[in-house]
Amino acid sequence: MSVSASSSRLSGSSSIGPLRSRRGCKTCKIRRVKCGQEKPKCIRCSSTGRKCEYEDARNITGTFSSASASSTISILDNPLSSFTRNTVWRERRAFAYYFQHVALFVGGGLDPDLWSTFIPQFCHTEPAVWDAIITMSALCESLEQCSDFTTVTQSHGDALSWYSRSVSTMRRRIERGQVDIFVGLISCVLFICIEALQGRVEDALQLYGQGIHLINALRAQVVSRAIPATKAALLEDAIVPIFVYLGVAAVNPSAPSVGALLPPNVHAHNDHVSMPEFASLKSAREAIGLLGAEAMLFERACQEHLLKSHSSRLPQEFLDQQARLLDKLGSWYIAFTRLINSIRDGFSPQQVGVSALLFAYHKTALVIVTICVSLSRTMADACLPDFQFIVEQSATALDASARSNGTQPPFTCDMGVGLPLWVTCLRCRDPIIRRTALKLLRRAPLVQGFHSTTEAVTFAERIMVLEETRAMTIKKAQITSIMQSKSTNPFSEYQCHGEDKSNAISGVDQSSPINIPGTEFPAPPHPTIVTMRHHTTTSLLIPEEARIGPIFLSSMTNEDIGQGNPNHDATFLRFMWKQQNPASNTWFRVHERLPVTFSPLE
C-alpha cells in the first residue's frame, strides 16, 4: 500500500528535540557524552577504565500509552481473547506488546531509543503513527503465533483494520499540508515494516523509494539551513541508517538504489584512504553498512558492464574502484579490531553477537568486491575460508540474539545474518559450508528487511538442487567420455590425470582468508570461533558450466499469463548459466526462468 506524498507539501514547523538516550549508563549521562549502551558495560567506559552502571530498567517508564507502566505489563498478562469485545483495550494491549517486545528487537540491540522512545513519542499527537505502531505490533504477534502470512488470526484482523485507518489518516493530513517531514518519514518506516510483515515486497519497495525521496528533500533543507541542526543530526544518526540497511538487503533488481543515500564523495578518486576511528559498536556498524552498500552497487555495475559489453575484462576504472573499496574495507577492519581490543573488561553477550555480525558483514563485502570483477563463478572457490568464517560468525550472532526460549525474534529491519548467509548459500559451492549456512538461515528471524526467510531458504535450496543436479549430469558425461576414450586409445592410461582445469584456481592458498594487498590483518579476536573442516578438493566442487548466476526473483509477466499460467501471484527464479559449444569450443550464456518451488536436498 503506497502513500504518495510530495515533499513540498510537508511542513517542517513541528518542534522535534534531539534523540537523547534515556537508557545510557550513569557515567556517560554525568559526563554528557553519547553512550553506546552496550551491556553490561558500555565501550566508552570500558575503554577508559571508568566505572559503568545502568539505572534499574524498572525505574524507566518509557511508555507513551495512556496506561501506566504497571498496567501496561498487566495488560499482557491477560490473553487476547479476553479483549475481543473491547477495541480500545485491544489497541492498548497491542501497544503494550510493541513496547515490551517489538521495540526491543525490530531495530537491533544498538538502537533501543529510536524504537522505544523517539517513535512512540508521536503517538500523542499523530493518530496515524499510533495506528501504525499497533499494526506492526499485532502483525509481529500474529507471526509468532502462526509463522504464516496467509492465516488470519484475531491480531492479524485487527492489524488490517488499524493499518487501513493509519493510511487514510496520513493521506488526509498530506492533502491538507499538515504533516511534518519527520512524521512523514517515521510513518514511511513503519509502513515499510508493515508491508514486509505481510509479505508484500513490491509495496514495501515502493514505500522505500518514497522514503529516499523524503530524505533527500530534507537534506536539501539542511544545506539551506531551513531546519535546525538537531533535526539534521536525527535524520543522519537514526533514520538514514535504517534505509541503508534495508537497501543493502534488497536483492530485488527493481528496488530503488541505495546509492542516493551515500555521501556525495563516496566515489572520489583519492589515492589515500583515511583510517576511521570508532567510539562504539554503533558507529562501526554504520560504517560497515555504508561499505556494504558500496560493495553491492559496485557488484551491480560490474555485472551490467560485463553482460552488456559481452567482454570478459573490465575497464581500468572498475579495477581502480575495486582497489579503493578493498582499501576502505581494510581500514575498517583495522579500526574495528582496535575498538575490540580497547574493551578492557571483555565482551558482554550482546557485544559478542554484534561484533560477530559486523565481522560477517565485513567478510561478505570483501568477498563480493573480490569476485564480482569477473563472470566466472569459479572465482568464489578461492574464498572458501571466508565463507567458512561467515558461517562461524553468523552462528555466534544467532546464539547471542536468541531469546530465552531459544527462538529468534520474528522480524528485524536492522542489519542481520540474512545477507551474509544468503550470499554464502548462493556463492559458496562447498557442499558442507553452504548447507551449514542454509541450516543457520532457517534459524534467522522469519522476516528480515523486505524478505521472508522461509522464501529465502526455499530459493537457496532450489539453486543448490539445480546446480548439483546439473553438475552430476556433466560429470557423468565426462566419465563416460573418458571411458570411451580409453577403449579406443590404449595409451590414455599413461596420460596426465590432472585436476579439472575448469575449477582450478592457480596460485591461491585456500587455507587462509583473503588478504588485502599491502595490509597485514591480525586474526579476529573472537573467543567463540569454531574451526570447521572444509578440505574440499576441486573435483568435489561444481563445474563452471553448472553454476548459476546472476540470480534474482521476478513476478508474473504478460508472457506467462499469455501461456495460460493460472497462478498470477507466482514468484519466478530468473537465472543465467554457461553452456559450451563443443564444435567451436566456445561458451555462450543461457537465460532460464523457473517457478520457485520447494525441492528438498538429499
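Sequence positions in the sequence shown follow this note's numbering and run 20 to 621. Ideal Cβ positions, reconstructed from N, Cα and C, are used throughout, including at glycine.
Asked	Found
Span of the alpha helix (DSSP H), counted from its first residue to its last, around residue 360	335-361
Segment contact, 8 Å Cβ cut-off, at least three pairs: the stretch 314-328 with the stretch 396-413	no
Reduced DSSP secondary structure (H/G/I, E/B, other) of residue 150	helix
Three-pair Cβ contact test at 8 Å for the stretch 462-481 versus the stretch 192-202	no
Cα-Cα separation, residue 402 to residue 455	16 Å
Burial state of residue 336, where buried means 16 or more other Cβ atoms lie within 10 Å	exposed
Best match in 354, 221, 346 and 175 for proximity to residue 109 [C-alpha to C-alpha]	175
Integer-rounded CB distance, given that residue 460 should sit under 8 Å from residue 441	7 Å
Cβ shell of residue 206 (< 7 Å), same chain only, five flanking positions each side left out	147, 148, 151 and 189
Residue 213 classed as buried or exposed, judged by whether at least 16 other C-beta atoms fall within 10 angstroms	buried
Outcome for residue 362 when other beta-carbon atoms lying within 10 angstroms are tallied against a minimum of 16	buried
Among 136, 458, 217 and 133, nearest to residue 162 - alpha-carbon criterion	217
Stretch-stretch touch, CB-based, cutoff 8 Å, three pairs: the stretch 480-494 with the stretch 231-243	no
Span separating the alpha-carbon of residue 382 from that of residue 246	39 Å
Reduced DSSP secondary structure (H/G/I, E/B, other) of residue 201	helix
Segment limits, alpha helix (DSSP H) that includes residue 397	Residue 397 -> no alpha helix (DSSP H), and no H or E assigned at all.
Any non-hydrogen atom of the ligand COA within 8 Å of residue 371 CB	In the structure on display, the ligand COA does not appear, and there are no ligands present to speak of.
The stretch 342-361 contacting the stretch 422-434, beta-carbon criterion three pairs below 8 Å	no
Cβ-Cβ separation, residue 312 to residue 277 (assumed contact under 8 Å), whole Å	5 Å
Cβ-based neighbour list, residue 263, same chain, cut-off 7 Å, excluding 5 preceding and 5 following	277, 280, 308, 309 and 312
CA-to-CA distance, residue 374 to residue 444, given in whole angstroms	22 Å
With 16 other Cβ atoms within 10 Å as the buried cut-off, status of residue 376	buried
Residue 466 - partner residues in DSSP beta bridges	430 and 471
Which listed residue (391, 562, 46 and 181) has its alpha carbon closest to that of residue 344	391
Sub-9 Å separation of residue 53 and residue 63 beta-carbons	yes
Residue 5 versus residue 47 - alpha carbon distance	Any property of residue 5 remains undetermined from this structure, which presents the chain solely from 20 to 621.
Selected residue, minimal CA-CA separation from residue 389, among 367, 410 and 348	348
Helix, strand or coil at residue 264 [DSSP, three-state]	helix
Where the alpha helix (DSSP H) containing residue 235 begins and where it ends	220-242
For residue 486 and residue 476, the rounded distance between their alpha carbons	15 Å
Option nearest residue 203 by Cα separation, candidates 234, 225 and 223	234
DSSP state of residue 65 mapped onto helix, strand, coil	helix
CA-to-CA distance, residue 447 to residue 319, given in whole angstroms	19 Å
Rounded C-alpha distance that separates residue 415 from residue 378	11 Å
Nearest candidate by alpha-carbon position, reference residue 227, set 254, 274, 244 and 249	274
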